[in-house]
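Take a look at the structure below.
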Ligand code: HPA
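Numbering (this note's numbering), first residue to last: 27 to 302.
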């Protein structure tokens, strides 16, 4: 029996295939808050608004556009999500991750994910870029439910969710450009509240370096599909670990800081795609 999830993925993928001019994309990119401008640099672009794609949800978050962009970037055929879906918007984890299964159906073998995140690590500064080397998931696991055997196995290994080879390549590119990159563990919680100071101290204690409200569901589903993953966070704010702090978290500031760091991120992602 074909389940409803499979049907929805197939309908969306079939629609997108009608917009491809022959060559299928092998690289997928998910652009987080403020980082959508990478999407504007894609050449020979076909822009498909999410609202045109049957089966796709609509994105509602601040600083996120809602377009799928197919074209050439760093010399490769790519499919990019300009804006993603978040669990806090009320979408099920199936819907949050549907575009990743669609990308897999289109032939994507490597996924590059980006996000804006709060810095938990006290050595981090606003504007730093952090390579995601591992994650902690505090959002319900998107693989809960009957396993979609056509994509992958019931109990996927998660020993190396982020590809070593891609991390090494990105580090070499950053060295060449003279950029300092941080590397750390990204913790995903549901949001939409920012963290309390006690949560900030707790997340630090369990080994997280940065915190956000996205990315990990997409990464889990990509790994389930056998897609290699590279992840980059922009540290847009330093998490407040004391209720005496004068600072507050503000989503407009998050988008502004992500925008400032976007050019560096674009340079690294361009270099990386050229080397894949
Ligand atoms: N917490 C959660 N998500 C975020 C943050 C944060 O501090 N900054 C950007 N996204």
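The beta carbon of each residue, even a glycine, is placed where N, CA and C say it ideally should be.
Nearest-angstrom Cβ-Cβ length linking residue i and residue j, presumed shorter than 8 Å
| i | j | result |
| --- | --- | --- |
| residue 167 | residue 246 | 6 Å |
| residue 162 | residue 234 | 6 Å |
| residue 146 | residue 281 | At roughly 20 Å, the Cβ-Cβ gap does not stay under 8 Å, so residue 146 and residue 281 are not in contact. |
| residue 126 | residue 251 | 7 Å |
| residue 38 | residue 124 | 7 Å |
| residue 253 | residue 134 | 6 Å |
| residue 31 | residue 174 | 7 Å |
| residue 122 | residue 243 | 5 Å |
| residue 81 | residue 34 | 4 Å |
| residue 92 | residue 75 | 6 Å |
| residue 132 | residue 42 | 6 Å |
| residue 59 | residue 284 | 5 Å |
| residue 158 | residue 212 | 5 Å |
| residue 144 | residue 188 | Contact flag wrong, Cβ pair sits at about 19 Å. |
Host beta strand (DSSP E) of residue i (start-end)
| i | result |
| --- | --- |
| residue 161 | 155–163 |
| residue 107 | 102–108 |
| residue 307 | This structure cannot settle anything about residue 307, because the visible part of the chain is limited to 27 through 302. |
| residue 72 | 69–75 |
| residue 65 | Unbroken run through residue 65: none, as it is neither H nor E. |
| residue 209 | 207–214 |
| residue 97 | 93–99 |
Buried/exposed call for residue i, threshold 16 Cβ in 10 Å
| i | result |
| --- | --- |
| residue 186 | exposed |
| residue 202 | exposed |
| residue 269 | exposed |
| residue 206 | exposed |
| residue 154 | buried |
| residue 298 | buried |
| residue 274 | exposed |
| residue 26 | Residue 26 lies beyond the stretch modelled for the chain, which goes from 27 to 302, so this question has no answer here. |
| residue 271 | exposed |
| residue 44 | exposed |
| residue 232 | exposed |
| residue 204 | exposed |
| residue 261 | buried |
| residue 224 | exposed |
| residue 151 | exposed |
| residue 171 | exposed |
| residue 198 | exposed |
| residue 184 | exposed |
| residue 57 | buried |
| residue 55 | buried |
| residue 64 | buried |
| residue 84 | exposed |
| residue 68 | buried |
| residue 294 | buried |
| residue 96 | buried |
| residue 79 | buried |
Extent of the continuous alpha helix (DSSP H) run through residue i
| i | result |
| --- | --- |
| residue 120 | 119–132 |
| residue 35 | 30–43 |
| residue 55 | First-last for residue 55: 53–57, but that is the beta strand (DSSP E), not the alpha helix (DSSP H). |
| residue 228 | 223–231 |
(message) I want to know whether the stretch 180–192 touches the stretch 110–126 - three or more CB-CB distances under 8 Å.
(response) no
(request) Just list the beta strand (DSSP E) runs in the stretch 181–205, keeping only unbroken ones of 3 residues or longer that don't cross its boundaries, in chain order. (result) none
(request) Run through the stretch 233–283 for me and flag every whole alpha helix (DSSP H) of 4 or more residues, listed as ranges in chain order. (result) 242–250
(message) I'd like to know if the stretch 48–61 and the stretch 100–108 are in contact, where contact means that at least 3 CB-CB pairs between them fall below 8 Å.
(response) yes
(message) Between the stretch 187–198 and the stretch 217–226, can you find at least three pairs of beta-carbon atoms closer than 8 Å?
(response) no
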